[in-house]
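In our numbering, the protein residues as written are 16 to 253. This report refers to the structure that appears directly beneath it.
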């Protein structure tokens, strides 16, 4: 490989990682991932279809979106008995914490969000990180709103002098120790009310939410030669 071709390969790899990083940042929840995939497909000339209406057979690219899922297909101009097909599949969700239906809880003045384990996260890796909330809000009238916050939460780890055995064995109660804190003192702030405010919906209009916790740190290259790429949610979004 020549020096020039090697340089071009490195630039292509960097461009790919930058594109991938933007996709990850745009996809903190499966709903956001589906919306981003749909936007990229439309930009590439694919046609969005409504699965509740009849489809006309045609060539080219088409897709449908249902909740946090996307199905896209590309029909070539020429199709005969020997035309094969290829299928590629992936998740749009990632291991995380999911907001409970009634999430707000206050303990000793600390306002915390009640969450459930979603998937199989490495729980201790979520401690002392800047966390946000992302997902979907559905109103009583059936309107759907994507919601995403900045870094508004944290699962703090107990100081070492209060837990001398933390370096030997760290045991976390999933219902007690993993509730992120988001406020303190008065007045108490209902976390669902806060999410509704982000999309301009009144709290009493909210019928349902499907919201996950996500780390807000941006993906990036690291290593002395920038040979490593670090990011959350790569497990499925790649």
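Even for Gly, the Cβ is constructed at its ideal location relative to N, Cα and C.
Other residues of its chain near residue i: CB distance less than 7 Å, five sequence neighbours each side excluded
i	result
residue 193	112, 130, 138, 170, 187
residue 212	none
Beta-carbon proximity list for residue i, same chain, < 6 Å, skipping 5 on both sides
i	result
residue 52	85
residue 127	120, 194, 196
residue 246	39, 234
residue 20	Because residue 20 sits at a pLDDT of 49, beneath the cut-off of 50, its placement in the model cannot be relied upon, and the point is left open.
residue 162	152, 210, 213, 214
residue 232	none
residue 272	What is shown of the chain runs 16 to 253, which leaves residue 272 out entirely.
Per-residue burial, residue i [other beta carbons within 10 Å of its own, 16 or more giving buried]
i	result
residue 67	exposed
residue 195	buried
residue 224	buried
residue 88	exposed
residue 65	exposed
residue 42	buried
residue 248	buried
residue 229	buried
residue 44	buried
residue 56	buried
residue 34	exposed
Those residues which DSSP pairs with residue i across a bridge
i	result
residue 160	152
residue 239	Residue 239 pairs with nothing; no bridge assigned.
residue 38	Its beta-bridge partners do not exist; DSSP assigns none.
residue 168	146
residue 81	84
residue 223	153
residue 230	146
residue 198	126
residue 75	90
Integer Cβ distance of residue i from residue j, believed to fall under 8 Å
i	j	result
residue 104	residue 46	Rounded, the Cβ-Cβ distance is 18 Å, inconsistent with contact.
residue 118	residue 207	6 Å
residue 168	residue 146	4 Å
residue 48	residue 107	4 Å
residue 32	residue 237	Going by Cβ atoms, the distance from residue 32 to residue 237 rounds to 12 Å, so no, they are not a contact pair.
Sequence-distant residues of its chain with Cβ nearer than 8 Å to residue i (five each side left out)
i	result
residue 60	75, 76
residue 257	Outside the modelled stretch of the chain, which goes from 16 to 253, sits residue 257, for which no answer is possible.
residue 98	91
residue 23	Low confidence applies here, because residue 23 scores a pLDDT of 49, under 50, leaving its location unreliable and the question unanswered by this model.
Segments assigned beta strand (DSSP E), at least 3 residues, entirely inside the region 88 to 145
Every beta strand (DSSP E) stretch that sits fully inside the region 88 to 145 and reaches 3 residues is listed by chain position as 111 to 122, 125 to 133.
Where in the region 48 to 73 do unbroken runs of the alpha helix (DSSP H), each at least 4 residues long, occur, reported from the N-terminal end onward?
none
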